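This report refers to the structure that appears directly beneath it.
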Amino acid sequence: MTCGMIYTSIAVSLSSLTRSTTIAGTAMFRVFLLFYVVWNSPGVIFRLLGERKFLFFDTVTYTQEFQGQEMMAERRQDWTYFITNLDPGQAYNRGLTFLIDVDLLEQGSTTSAQMFGGELPIYLNDWFSFMILLFWIVVPLGIGLYRFDRVDI
1 MTCGMIYTSI AVSLSSLTRS TTIAGTAMFR VFLLFYVVWN SPGVIFRLLG
51 ERKFLFFDTV TYTQEFQGQE MMAERRQDWT YFITNLDPGQ AYNRGLTFLI
101 DVDLLEQGST TSAQMFGGEL PIYLNDWFSF MILLFWIVVP LGIGLYRFDR
151 VDI
């Protein structure tokens, strides 16, 4: 239901920004493809650019404990995690994990916290996914309502 609300909100916004239902439908299909096909690519691209030390895509080295031994590992820059977590599907999955699977949540938080020096950035906490979901519902609806109020239908 939440994903349906998000895509309806985006569809209303796109409909208000275009003059044709065909253009709005095409734009909505492209948004759907963006979130379900393209959005997963930036994480891989960021990782590959970081491995090659390209511009500002450097990797961050951290120490991780695994089976009683400390190991050095690398991760992407913090801001790349923020971008990949803006996906509504990702936010929905993190929200479900937060509400349903406490054991998986604790295990994932421990692993992730080690990557960030013991404390997760606010945008990587599972509860923050609800803020992202709220953003994807409220902001497009607000844009749509604003445009519909000012356009002669």
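Going left to right, the sequence shown walks through residues 1 to 153 as full-length UniProt numbering numbers them. Cβ atoms here follow ideal geometry from the backbone N, Cα and C, with glycine treated the same way. Source: prediction; values computed, not measured.
- Bounds of the alpha helix (DSSP H) holding T21 are T21 to L33.
- For F66, the three-state secondary structure derived from DSSP is strand.
- For L14, the number of other beta carbons within 10 angstroms of its own is at least 16, and it is reported as buried.
- In this structure, DSSP gives T61 an extended state, which the three-state scheme calls strand.
- A Cβ-Cβ distance of about 6 Å is found for the pair Y92 and T2, placing them in contact under the 8 Å criterion.
- Take the alpha-carbon of F46 and the one of D87: they are about 16 Å apart.
- Ranked by Cα distance from N125, the first of F82, R75, A11 and S16 is F82.
- Taking the C-beta atoms as reference points, L141 is found no nearer than 8 Å to S41.
- In the three-state DSSP reduction, R47 falls in the helix class (H, G or I).
- CA-CA distance, L145 to I6, rounds to 15 Å.
- About 5 Å separates the Cβ atoms of Q64 and Q114, confirming a contact at the 8 Å cut-off.
- The C-beta distance from F35 to G117 rounds to 31 Å, too long to meet the 8 Å contact threshold.
- Annotated three-state conformation of M131 is helix, per DSSP.
- Per the DSSP secondary-structure output, A91 pairs with nothing in a beta bridge.
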